[in-house]
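Note that this note's numbering gives residue 375 to position 198 of the first sequence, counting from 1, and the numbers run on in steps of one. We put the CB at the ideal spot given by N, CA and C, even for glycine. Only one structure is covered here, and it is reproduced in the block below.
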Amino acid sequence: MTLSVYNTLKRSLETFEPVAPGKVGIYCCGVTVYDYCHLGHARSYIVWDTVRRYLMWQGYQVRYVQNFTDIDDKILNRARQEGSSMEEVAERYTQSYFEDMAQLNILAADAYPRATHTIDGIKRLIYELEQKDYAYAAAGDVYYRVRQFPEYGKLSGRKLEDMRSGASGRVEVEDPDSAKKQDAFDFALWKAAKPGEPAWESPWGMGRPGWHIECSAMVRDCLGETIDIHAGGADLVFPHHENEIAQSEAVTGKPLAKYWMHNGFVTVNGEKMSKSLGNFTTIRDLLSSGVEPMALRLFVLQGQYRKPLDFTEEAIAGATNAWQTLKDGLLFGYQYGQQLGWDVEMLSKGAGVQGSKGAGGDASLSPVAKFQEAIDDDFNFPNALVVLFELAKDLRREGNLLVHEGKTDADAQVLWSQWQILMGLSGVLGLQVSPDEAILEETGGLTDGEIEALIAQRTAARKAKDFGESDRIRDELKAQGITLIDAPGGVTRWHRN
RNA sequence: GGCGGCAUAGCCAAGCGGUAAGGCAGAGGACUGCAAAUCCUCCAUCCCCCAGUUCAAAUCUGGGUGCCGCCUCCA
C-alpha cells in the first residue's frame, strides 16, 4: 500500500515519497504567541500531530519542527495594553500553548524555533536575497522584489495581474509603506525599528524581521533546503507560504518543500472562527466547560482534514458520546482482563500492532489493513475511525455481557488480540485513555458486604411487594454510585459506576 | 472583480462508474413490579436542481442554485 497525499502545490493527489528514503522532515507553521489557542489551532495541530504519528508508525524517521512567532505587532500591542513587555507576553502564551497541546495529547515537536532566536539566520537570508537582487533596502526597511521571482503565485494559483484589480467590495487600506515599496506587491523582509520597540542590529540599521522570512530561515536552520512536508492552515497559503517559497527558492534554487499540506478551517455556525472575527472559543475554555480533551480530538479527526469543520454544541456533544463508546472499548482490558484470565505476561507484552502490511491472511481485510488503507488515502481519518468503532463496540458488548451475565462466550485470547489492535490503532491517532480511568471510584465507604446486605433487604422487600422500600434502597445505592441490575429469576447484580 | 472549495438522513460523516460505510441521536422488541442497564432489530428507493454520456452515475460532462474560504493579521 502506498500513501497518497494532496499537495496544494500541484492541486492533486500524489504518491508520498520522501526526499530521503525512510526519513521525513515536517515543518508546521506555529502560532503567534499573543493570546490563548482557539479551536482552529486545536484542529490544525491535532491534524498534523496525527499525520506525524501515522508516518512514525509506518516506520519513517520523522523530524517535526514547529515555530513560535514571538515578534509581531499583535504581541507588541498586547504588551502595550497591559503595560508589560513583548517577552513577557510571548513567554506566557508560549507556555499556555504547551499546556493546551499536552491536554490534547499532541506530541512535542523535535524543535521549537522562535523568531527572536533566529535573527542571525534571518539576516543571512535577507543578505543573500539582496545579493541576488531579490531584495532592496529602503529607508531602514528591506523589501522582497516580487516581480523578480517569476514563479510567484505558483502555490496559491494566482497571477499578479489578477490580484491587481482586487479588493472589490473591500476597503482599500492605506499602506503606510507604499512610498518605500518599488511595487505594491513587494513585502517586508525587515522593518526599521520604531521607538520603544524591540530591535536588532543589522546591515540595514536597527530593526526587526518581517513575518514571512522567519519561517524560511527556520526551515533552513532546522531541516535543510528542501523538506518533505510543509504544513499549516489553509489561510497561510497566501500570502505566507507563497512568500516563503519566493524567499527560500530564490536563494537556494531548490524547492522549499516537496509536499504542501493545508488543513481546513473550523467554522462556528458556518462562519470562519478567527481572532479577527472574535467568534472564537479557546481550547482551555472548552475543556474547562467539561468537554473531554479526547472528545475534542475525536471531533477533529471525524472530519476530513481539508474540509471545513463546523463547531456546534450538537456536534461536540455527539463527539463526546462517540468518545465514550471508544473509551469503553479502550478500557475493556483494564476492566475485564483479570476476569478473563489474561495473564500478566499478555498484558505487559502490549503493542500487538506493528506497522505491518496487514498480517491477516483472510480474504477480508484485517482491521489493521483497513485502517492503513483509509489513512493512506490522503489521511482519511474519518474512515480509519470506522475500524476503531467496530472493534470498540464489539469489546464493549462483551464487557457488558460480563457485567450483566457474568460471562461471555467469546474466546479470551481473541478478545485480548482485539483489544491490543484497538489500543494500538487508537494510539496511532493519539486517542488514548488513562488506565486510571478504569479504576473504579470508591463508593462512599460502602463495602461489598454492606452493599450485598442492602440488596438482600431490597430483595426481601420486593418479594413482599413493598416496592416503595425496594425503590428507596435502589435510590440509596444509586446515590452512592452503585447501579443495580435486576436480572431474570429474581437475581440482582450490581456494579459500581 | 480574481482564485479556490463544498453541497449525502435530525446532526457529524465515508463514498472516486456497479446499485448508499461508520458515529451521534431516534424507533420497536426482549427483559422488568416500575425503572435503569443490557441484548436483538430497525432507521436515506436515494445522494441541491436540470440536462447529457453510459448497459449502469451520489460518483463523469455541461448548465444552474446555494453556502463557504482566500485575495488584509489569522491555524
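- Check each candidate in 297, 445, 562 and name the one with the smallest Cα separation from residue 598. 562
- Query: Thinking C-alpha only, which one of 404, 446, 437 is nearest residue 431?
  - Reply: 404
- Since residue 544 is in the alpha helix (DSSP H), which residue starts that stretch and which ends it? 544 to 553
- Ends of the beta strand (DSSP E) at residue 659? 659 to 663
- Query: Which residues does DSSP pair with residue 404 in a beta bridge?
  - Reply: 434
- Query: Hey, how far is the Cα of residue 666 from the Cα of residue 483?
  - Reply: 55 angstroms
- Task: Decide if residue 537 is buried, meaning its Cβ has at least 16 other Cβ atoms within 10 Å, or exposed.
- Result: Bear in mind that a pLDDT of 38 at residue 537, under 50, signals an unreliable position, so the model cannot answer this.
- Query: Count the other CB atoms within 10 Å of the CB of residue 644; is the residue buried (16 or more) or exposed (fewer)?
  - Reply: exposed
- Can the beta-carbon of residue 506 be found closer than 8 angstroms to that of residue 589? no
- Task: Might you give, ordered along the chain, the residues of its own chain that have their beta carbon closer than 8 angstroms to the beta carbon of residue 468, omitting 5 neighbours on each side?
- Result: 493, 497
- Item | Element boundaries [alpha helix (DSSP H), containing residue 596] | 589 to 605
- Query: Where do the N-terminal and C-terminal ends of the beta strand (DSSP E) with residue 242 fall, by residue?
  - Reply: 238 to 243
- Task: Please classify residue 323: is it buried, with 16 or more other beta-carbons within 10 angstroms of its beta-carbon, or exposed?
- Result: buried
- Item | Identity of the residue in 181, 185, 216, 179 nearest residue 456 by Cα | 216
- Message: Let's test the definition: count the other Cβ atoms within 10 Å of the Cβ of residue 581 and tell me whether it reaches 16, buried, or not, exposed.
- Response: exposed
- Query: Applying the criterion that 16 or more other CB atoms from any shown protein chain within 10 Å of the CB defines a buried residue, is residue 261 buried or exposed?
  - Reply: exposed
- Item | Where the beta strand (DSSP E) containing residue 184 begins and where it ends | 181 to 184
- In or out: residue 539 buried (at least 16 other Cβ within 10 Å) or exposed? Low confidence applies to residue 539: its pLDDT is 40, below 50, so where it sits in the model is not reliable enough to give any reading.
- Task: Would you mind working out which of 233, 258, 438 sits nearest residue 191, comparing C-alpha positions?
- Result: 438
- Item | Whole runs of the beta strand (DSSP E) within the stretch 281 to 311, excluding any shorter than 3 residues | none
- Task: Determine the DSSP secondary structure at residue 448, reduced to helix, strand or coil.
- Result: strand
- So, is residue 349 buried or exposed, given that buried needs 16 or more other C-beta atoms within 10 angstroms? Caution applies to residue 349, whose pLDDT of 47 falls short of 50 and renders its modelled position unreliable; the model cannot decide the point.
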